[in-house]
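Counting from 6, one number per residue, gives the positions in the sequence shown under my numbering. Glycine residues also receive a C-beta, built at the ideal position from the N, C-alpha and C atoms. In this text the structure is predicted, and so the values were computed from the model without any measurement. See structure below.
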Amino acid sequence: MWWPPFLYPPPASALVAGISALQFATAVKGGLGELRGENMAYSKFWQVMAGKQQKSGGGAVLPSRSGMLVAYVPALVAALASFAVPGAVEGVRAQLLNAAISVHFLKRVLEVMFIHQYSGSMAVDTAFTISTSYVLMATGMIYAQHLTSGLPDPPLDLLYPGVLVFAVGVAGNFYHHRLLSQLRTTKQGGAGGGEKAYKIPTGGLFGLVTCPHYLFEIVGFFGFAMIAQTVHSLAVAAGTAAYLAGRSCATRRWYESKFEDFPEHIKALVPYVL
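Written out as structure tokens, the structure is:
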């Protein structure tokens with residue numbers, strides 16, 4: 006039976022197959038929800054969703070920075086801990102994949118602590134939902150890679166091109182996160198020293214799309230998929246792309262609602278296309 010030359014054959018594991026299908030379906034559902042206005046309650050959409058939650062009884066919240074740390078730290082710990090589990094990370098491909106996952110979440114944690122500017126809150130259930138998803142993603146990719154141990158590499162070896170693609174994704178994502186952080190200014194006058202105000206982002210690819218940081222995040226996830234070359238990692242990358250596409254379109258609509266002079270030619274995610 007024909008099989009794509011860039012993928013390992015799927016492992017005989019109902020667990021991996023189930024996690025792959027669940028994560029892909031959940032991410033696609035989340036992306037469609039973003040398009041319908043059912044946004045995850047963090048970042049720009051905190052105030053929008055907080056109003057809806059108050060009408061339905063509210064819920065526990067965390068400061069945004071704390072919520073984001075809850076979201077990212079467990080996945081970082083899981084990835085780093087995998088190096089210490091005997092036999093869990095064997096071979097160059099598995100080591101590079103685990104290193105890339107660790108770098109991805111370490112970068113996220115450091116950005117939360119030192120780069121991003123926060124002004125709102127984050128629902129506790131949202132933080133734990135994101136955290137659970139990322140832990141499953143990280144451990145799932147590592148475990149799926151472990152199951153390929155001893156198998157011949159796919160005929161089309163994408164390991165080192167994948168490392169390059171991942172590096173481009175990480176660098177581009179960080180660069181545009183840095184630009185976003187520099188755009189946040191403070192409105193003075195509040196009891197706590199003021200609140201953060203948004204501006205239309207500029208610089209980098211912001212002149213073409215509203216969410217170039219999401220575009221490069223997708224690139225980074227396909228870097229994971231190229232390094233791993235497993236069905237599971239490809240499902241994770243495709244699901245991430247679907248969710249972030251929906252989130253990007255919702256973000257563009259948010260900018261249009263906030264700024265009357267928002268340029269019409271700026272797309273949501275992919276320059277000149279989407």
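The Cβ atoms of Ala-247 and Val-33 lie closer than 8 Å to each other. By the 16-neighbour rule on beta-carbons within 10 angstroms, Met-118 is exposed. When Cβ pairs closer than 8 Å are counted between the two stretches, the segment 29-47 is seen not to touch the segment 92-99, the count staying below three. Met-6 sits in coil when the DSSP states are folded into three classes, being neither helix nor strand. Within the same chain, Thr-215, Ala-273 come within 6 Å of Arg-257 by CB-CB distance, once the 5 residues on both sides are set aside.
Secondary structure in the segment 56-99: the alpha helix (DSSP H) runs of 4 residues or longer, each lying completely within the stretch, are 69-87 in chain order. Apart from the 5 residues on each side of it in sequence, Gly-208 sits with its Cβ closer than 6 Å to the Cβ of Leu-184 in its chain, given in chain order.
One alpha carbon belongs to Leu-102, the other to Asp-130, and they sit about 29 Å apart. When the Cα atoms are used, Gly-225 and Met-6 turn out to be separated by approximately 31 Å. With respect to His-151, Ala-93 sits close: the two C-beta atoms are nearer than 8 Å. In summary, Leu-220 is buried, with 16 or more beta-carbon neighbours lying within 10 Å of its beta-carbon over all protein chains present. Between Phe-171 and Gly-228, the alpha-carbon positions lie close to 4 Å from each other. Residue environment analysis places Phe-88 among the exposed positions, since fewer than 16 neighbouring C-beta atoms fall within 10 angstroms of its C-beta. By DSSP's assignment, Met-127 forms a beta bridge with Leu-67.
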